[in-house]
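Residue numbers (the numbering used here): -13 to 354. Here a beta-carbon is modelled for each residue, glycine too, at the ideal position from N, C-alpha and C. Just so you know, these numbers come straight off a predicted model, no measurement behind them. Written out below as structure tokens is the structure these notes cover.
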Amino acid sequence: MPDFLPFTRPSIDEATIAGVAEVLRSGWITSGPQVKSLEAALSRLCGGRPVRCFNSGTATLEIALRLAGIGEGDEVLTTPLSWVATANVVLEVGARPVFVDVDPRTRNIDLSALDGAVTRATRAVIPVDLAGLPVDRDRLYDIARRHKLRVIEDAAQSFGASWRGRRLGSFGDFVSFSFHANKNITTAEGGALVLPDESLVARCEQLRLQGVIRSGEDGMDVEARGGKFNLTDLAACIGLGQLPHLDAFTQRRRALARRYFHRWDRGLGCELPLEDYEQSNWHMFQVVLPQRVERARFIARMRDEGIGIGVHYPAMHLFKLYRELGWREGQFPHAERIGRSIATLPLFPAMADSDVDRVCEAAAKALK
């Protein structure tokens, strides 16, 4: 049998590995010059906007909410079809997540339903670019302006994607990126927050590291409760090695997605993703299995063929934590149906075209 094909695998070159070794030898392995260099490089990529790095994409979302003043008694609109961190951070700052169903074609939050979900307590919206397909930024920001809402873009999956020719992160309000090991660009663990203006930088840095303010040679004060969210230089070094490959990685992912569409048997009854080769970064290639198919059995059969399948994501309002907050089955039928049957197929830059063919053939066998 051929080697096992995971649903994703990072591509890290030898120069980056050597660079990490140099950082280890330098004696400075926590936040330092590598982090500053990565922040500067990300800022250039985002049109000169201020960027600060964190130890996870989850941390960037929490800090963005705090910087936006979201807290007790506030409501934040978001999608139920995302990694649970998207809503957990809302709870973390004392606010209430309010879910809005997804558009079954894009699998992103249904913008036509946002207006009806706004209440007097609504203060912000967290859209998610599922699998790297951008939410319609024009409609999103038009709605946000009309209701005076802050926008925290959960772009964890869409680094390198764009909207109408503009790179995500180069415009908008807060923009949160993740550099987790399964993302298009990785720092092993980590994330970055793009800030709407320079005035928030100092506060952002305070909240990133215990709220500490330093002055002079030995002055220290704390005026806000922060966290331990800083990125290490080891992680930043990996990110600096990854960035030059971003465009090549994105183009390769798009080419692999094209091949999936070309080779996939449409008679299997699966729902394919929206076909977008201009804006999506194709973080994941996901199919929604027919309702007759038991997903766990499909995953097991594909594993038997040496192919890894991911699940991204169950509808989070059905998790026990959110059921206890009053959410229930039947409220968001599109997200629930997709969440029950979605399957992530292998997609990463090092894949060969023949790997896509192999996945398609195995899936046809498993589904038939």
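Every unbroken alpha helix (DSSP H) within the stretch 14 to 43, with a cutoff of 4 residues, ordered by chain: 19 to 31
So Gly177 is in the beta strand (DSSP E); what residue range does that whole segment cover? 177 to 180
Helix, strand or coil at Pro(-8) according to DSSP, with G and I counted as helix: coil
CB Glu61 to CB Arg109, shorter than 8 Å? yes
State the start and end residues of the unbroken alpha helix (DSSP H) segment that holds Gln237. 232 to 249
Please go through the same chain and pick out, in chain order, the residues whose beta-carbon is closer than 7 Å to the beta-carbon of Met337, but skip the five residues on each side of it. Leu242
For Thr173, does the three-state DSSP call read helix, strand or coil? coil
Enumerated in chain order, which unbroken segments of the alpha helix (DSSP H) with a length of 4 residues or greater are wholly contained in the stretch 59 to 96? 71 to 78
Can you tell me which of the three DSSP states Glu291 falls into? coil
Please go through the stretch 135 to 206 and give each complete beta strand (DSSP E) segment of 3 or more residues, from N-terminal end onward. 136 to 140, 160 to 164, 177 to 180, 198 to 201
Helix, strand or coil for Gly5, going by three-state DSSP, please let me know. helix
If we ignore side chains and look at the alpha-carbon of each, how far apart do Phe40 and Leu53 end up? 15 Å
Per DSSP, what are the beta-bridge partners of Ala110 in this structure? Val62, Arg136
Spatial neighbours of Gly322 in its chain, beta-carbon cut-off 6 Å, leaving aside the 5 residues before and after: Residue identity check: residue 322 is Glu in the sequence provided, not Gly. Excluding residues within five positions, the ones whose Cβ falls inside 6 Å are Ala301.
Could you give the distance in angstroms between the alpha-carbon of Gly197 and the alpha-carbon of Gln265? 37 Å
Please report the straight-line C-alpha distance between Pro19 and Cys223, rounded to a whole angstrom. 10 Å
Leaving out five residues on either side along the sequence, give the residues of the same chain with a beta carbon under 6 Å from the beta carbon of Leu28. Val37, Ala178
Between which two residues does the beta strand (DSSP E) harbouring Gln272 extend? 271 to 274
Using the C-alpha atoms, what's the distance from Asp262 back to Leu126? 19 Å
Given this structure, state the Cα-to-Cα distance separating Arg245 from Phe271, to the nearest angstrom. 11 Å
Return the chain-ordered list of same chain residues with a C-beta closer than 7 Å to the C-beta of Asp101, the five sequence neighbours on each side being excluded. Ile129
Kindly list the residues whose CB is nearer than 6 Å to the CB of Asn168, restricted to its own chain and excluding five residues on each side of it in sequence; keep chain order. Thr(-6)
Can you round the beta-carbon distance between Gly225 and Ile171 to whole angstroms, since I take them to be within the 8 Å contact cut? 7 Å
Using the Cα positions of Pro(-12) and Glu347, report the straight-line distance between them to the nearest angstrom. 14 Å
May I ask you to list the residues that DSSP assigns as paired with Thr330? Gln272, Gly296
Who does Lys351 pair with in a DSSP beta bridge? Paired residue(s): none; Lys351 is not in a bridge.
Backbone secondary structure at Glu257 - three-state DSSP: strand
Quick check: Ile324 and Val274, are their CB atoms within less than 8 Å of each other? yes
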